[in-house]
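In our numbering, the protein residues as written are 4 to 228.
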């Protein structure tokens, strides 16, 4: 079966991978704030900068294309609805670009942030954070597994769509419960203690450079776009 890569951590010796998770969360918050009421120019500049950052970090965007089709369809739907409501092409394109920018921000953060590092960044909530991040790929893998199985059986996605969706959700919940049970047994076998504390992760000069750089970029885009 094809392995999913989207919204997963990939180890790299890059500046962003080595940055502290808190610094990346601050950067994520600052950049996201620009999207609230951003002009088309601001969103376009931010999207271009994120795409350039993805190439600089050597993100395997070609491998992500298959998994990004869902978000591409969502972007087209958002743009289409916006066009029907406002009758303005620029406004529709801006809504699409804003959605793509949000997805790209999520990819950059998840691709460069290890679950262990995020748990160590918040020692008191390390265990819940780590478990939450472990469940997210579990959901995506289960959904992909069911989708591939249905395609292998030759099921048409357009026949009885409501019945198909209900059946899909039921199958997904059943598979998630099964895999959650397997995960629980694996954790018990490893004597997992949910109350254990994680050693704190120390910050470095990279974190200050990242926060200051993103703060300056945010101010420039806020003032001049």
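Glycine included, each C-beta is placed from N, C-alpha and C at the ideal position.
In this text, all values refer to a predicted model and were calculated from it rather than measured experimentally.
Since residue 45 contacts residue 140 with CB under 8 Å, what's their CB separation in whole angstroms?
-> That pair is no contact at about 33 Å.
Where does the unbroken alpha helix (DSSP H) through residue 58 begin, and where does it stop?
-> 43-59
Same chain only: Cβ atoms within 7 Å of residue 25, ignoring 5 sequence neighbours per side = 124
State the Cα-Cα distance for the pair residue 178 and residue 166, rounded to the nearest angstrom.
-> 18 Å
Among 20, 16, 41 and 148, which one has its Cα closest to the Cα of residue 100?
-> 41
Considering only C-alpha positions, which residue in the set 109, 61 and 43 is nearest to residue 71?
-> 109
Might you give, ordered along the chain, the residues of its own chain that have their beta carbon closer than 8 Å to the beta carbon of residue 48, omitting 5 neighbours on each side?
-> 224 and 228
Spatial distance of residue 34 from residue 95 (CA atoms) | 21 Å
If we ignore side chains and look at the alpha-carbon of each, how far apart do residue 61 and residue 111 end up?
-> 11 Å
By a C-beta neighbour count over all protein chains shown, 10 Å radius and 16 as the cutoff for buried, is residue 102 buried or exposed?
-> buried
Mapping DSSP to helix, strand and coil, what is residue 140?
-> helix
Helix, strand or coil for residue 12 per DSSP?
-> coil
C-alpha gap between residue 20 and residue 142, whole angstroms = 24 Å
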